[in-house]
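Inspection log for the structure reproduced underneath, given as structure tokens.
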Amino acid sequence: MTAAAELIGVTQRFGSFTAVDEIDLTVPSGQLTTLLGPSGCGKTTTLRMIAGYSAPTSGTIRIDGVDSTRTPPEKRNLGMVFQSYALFPHMTVADNVGYGLKLRKVPAAERRARVMETLELVGLAHLADRKPKKLSGGQQQRVALARAIAIRPKLLLLDEPLSNLDARLRVQMRAEIRRIQAETRLTVILVTHDQDEALEMSDEMVIMNEGRIVQQGSPQQVFPRPADRFVAEFLGYENFLTAADGTPLTIRPEHLRIAEHGQGLDAKVVDVAFRGVDLLVSLDVVDPSGATVRLRADVRGDTPLAPGSSVTVIAPDDHLVSLPR
Amino acid sequence: MKRPITAALAVIGYVIMIVPIIFVVATAFTAGSTLRFPPDGISLRWFDEALGYEPFIGAAISSLELAVLATALALLVGVPVTLAVHRGKLPGKGLVEGLFLSPLIVPELVVGLALFQQLMVGLDLDNFSTLLVGHTALMLPYAVRVTGASLALADPALEEAARGLGASPLRAFFNVTLPILRPGIFSAGLLSAVTSFNNVPLSLLLQGRDFRTMPVTMLDYVQQSYDPMVAAASTLVLAATVVIAVIAERTVGFAKIFGGINQ
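Those sequence lines, one after another, are chains A and B.
Anchor point for the first sequence: position 273 equals 273 in our numbering, and the numbering is continuous, going up by one each time.
Anchor point for the second sequence: position 203 equals 1203 in our numbering, and the numbering is continuous, going up by one each time.
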């Protein structure tokens, strides 16, 4: 596996604020890597440093093995899709997509052919002569993608590309971006704060918090084994308890089971919320260390449970994740 | 109408603004020889007279020259300054912007007197050059504010997008930023040309024997004779101003232009 981009000890400070704190990151070639984290975690700053829009305070950025730390963006040959799409309003869709090729002095005939080919890839060839303002949000997004892809970039950088779309379109575009990535075999770096998006789209996910990388791996590696409490909470682990030896544990709500009696943890039902296919049950549970903790269990809707009743909660060992102390 | 008082005030406001203009326009079309309302019959004879009256024609051309040159200068200075204030890391941004907007607040008589003392008496500049400096200063707030308003609305990612696609900073500016600012600059230019053309205080203070602007010439004329020719001349100036205002409104919109000034 070759590295399309490498960050070595990269730090970015804005005044006294450290946005990115000495991160090391290797972006595998030909794959889709997501930078995932809450707002302010440094993911967009990291992307902007890779793109060349802001120079790191210290550290080295290599693109295709070449030190590009101080290379201006116009010399990097990377495709960037902005959150606002940043389509040139005074140019047609075709001129937007062809702008990078024009700067590269690609002859007009070849340029037109490549523009149409790229627009076909994103399914917008029929709108080539429109102005961006006349397009829907989803179509503008595709134009922005086409414009970035048309220059055959070394990396395709996507900054929260789906956050301005409505929920249904967002889910469609996830698959669409994956398809485009597979067809073009581009190395893609996608910044998002949406864990579902990252899980669904990533070959490799990089989770960031407070300017640091806290965990990196494939979704299959990361999801069942969050590295710490922050990652666990970010990925939707809601229940935190302590083992008899003091080790912090976590488990997802859908992995807790509730029985009327038997082997397990003693618990009292606090609240039951009906959610159609399942019930969300809040419980006060006596955990293995003897402390009482509030847990939530996601169970099938046919279990009769009354608030105040005593039950047994079963947390299967294979779903319990130990976290660092 | 839900708010009768506001509506009434609005109507009164419009009446106060528009009725005197209607009177001037109506009297310009009179067939008689006095400025009277209602006019005695209808004719175009006073328009004919106005267009044939040498001092008016000369003054209109002078005013036009001054307006065009002052506007061009104001844009040449104002647009780069605005870019520096909005996009650059200029120290004391607020101070610089305030300085360029100050001609809106400082009384024009004071500006005129200062220019008279420093440039005409002190440096011995001619009327035209002094007027050009004064008008340019007066036009700067339009250039700075309207460009600033367009710039504030433009997505800063646009220039970055152009850079990412391979454009040098200069190229990105000319290919992307400038075309986006063009309507704003265009309407700033129209507005400042109109303002310059119609300016009285500065032009009055800095007039000379060899260079006189249209409004000053009309003022002189009214002091001596009071015939409908001056109404006809006013009507022509009004018509030209309306045409320019409509163009400005169509290209950018007054809300944006004046919103920019008041913000």
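For glycine and all other residues, C-beta sits at the position ideal for the given N, C-alpha and C.
Proximity test, Cβ basis, 7 Å: residue i and chain B
i	result
A:His90	yes
A:Pro107	no
A:Glu74	yes
A:Ser84	yes
A:Gly137	no
A:Asn96	no
Contacts of residue i in chain B (Cβ-Cβ under 8 Å)
i	result
A:Arg104	Gly1166
A:Met80	Glu1160, Ala1161, Gly1164
A:Ile151	Leu1165, Gly1166
Nonlocal neighbours in the same chain, by C-beta distance under 7 Å from residue i, ignoring five residues either side
i	result
A:Asp298	Pro253, Glu254, Asp278, Leu280
A:Ser163	Gln83
B:Ala1233	Ala1050, Phe1056, Met1218
B:Leu1115	Thr1130, Val1133, Gly1134, Leu1206
B:Gly981	A question about residue 981 of chain B goes unanswered here, because the residues of chain B that appear run from 1001 up to 1263.
A:Pro324	Asp228
B:Met1229	Trp1046, Glu1049, Ala1050, Tyr1053
A:Leu165	Gly137, Gly138, Gln141, Met173
Any chain A beta carbon closer than 7 Å to residue i
i	result
B:Ala1157	yes
Sequence-distant residues of the same chain with beta carbon closer than 8 Å to residue i, five excluded per side
i	result
B:Tyr1014	none
A:Arg70	Ala55
A:Ala4	Val27, Pro28, Ser29, Gly30, Ile63, Asp64, Lys154, Leu155, Thr187
A:Asp21	Thr11, Gly42, Glu210, Gly211, Arg212
B:Ile1180	Ser1150, Ala1154, Leu1158
Residue i: contacting residues in chain A (beta-carbon distance under 9 Å)
i	result
B:Val1237	Per Cβ cutoff of 9 Å: no residues; B:Val1237 is ~34 Å from chain A at best.
Amino acids of chain B, ordered along the chain, whose beta-carbon sits closer than 7 Å to that of residue i
i	result
A:Tyr53	Glu1160
A:Gly15	The contacting residues do not exist; A:Gly15 stays about 13 Å from chain B at best.
A:Gly100	Leu1165, Gly1166
Neighbourhood of residue i by C-beta, 6 Å cutoff - its chain only, sequence neighbours within 5 removed
i	result
A:Ser58	Thr11
B:Leu1101	Pro1141
B:Ser964	Any question about residue 964 of chain B goes unanswered here, given that chain B covers just 1001 to 1263.
B:Ala1172	Glu1159, Ala1162, Arg1163
A:Pro288	Ala243, Ala244
B:Ile1261	Because B:Ile1261 sits at a pLDDT of 41, beneath the cut-off of 50, its placement in the model cannot be relied upon, and the point is left open.
B:Glu1108	Pro1201, Leu1202
A:Val285	Leu265, Ala267, Val293, Leu295, Val313
B:Thr1241	Val1194
Next item on the list: Enumerate, from N- to C-terminal direction, the unbroken beta strand (DSSP E) stretches of 3 or more residues contained entirely within the segment 214-276 of chain A.
Entry: 239-242, 248-251, 257-259, 265-274
Next item on the list: Can you give me, in chain order, the residues of the segment 18-42 of chain A that have a beta carbon less than 7 Å from any beta carbon in chain B?
Entry: none
Note to self: Restricting to runs no shorter than 4 residues, where is the alpha helix (DSSP H) found entirely within the segment 127-195 of chain A?
What the structure shows: 137-150, 167-184
Check: What residues from the segment 1172-1199 of chain B come within 9 Å of chain A, judged by C-beta to C-beta, listed N to C?
Finding: Ala1172, Asn1175, Val1176, Pro1179, Ile1180, Arg1182
Check: What residues in the segment 179-195 of chain A have a beta carbon less than 7 Å from any beta carbon of chain B?
Finding: none
Next item on the list: May I have a chain-ordered list of the alpha helix (DSSP H) segments no shorter than 4 residues that lie completely inside the segment 42-128 of chain A?
Entry: 43-51, 93-103, 108-121
Note to self: Please give me, in chain order, every unbroken run of the alpha helix (DSSP H) with length at least 4 that falls completely inside the segment 1220-1256 of chain B.
What the structure shows: Listed in chain order, they are 1229-1251.
Note to self: For a minimum of 4 consecutive residues, which ranges assigned as the alpha helix (DSSP H) are wholly contained in the segment 1037-1101 of chain B?
What the structure shows: Entirely contained in the segment 1037-1101 of chain B, the alpha helix (DSSP H) runs reaching 4 residues are, in chain order, 1045-1052, 1054-1087, 1093-1101.
Next item on the list: At 4 residues or longer, and completely inside the segment 1120-1155 of chain B: list those alpha helix (DSSP H) runs for me, N to C.
Entry: 1127-1153
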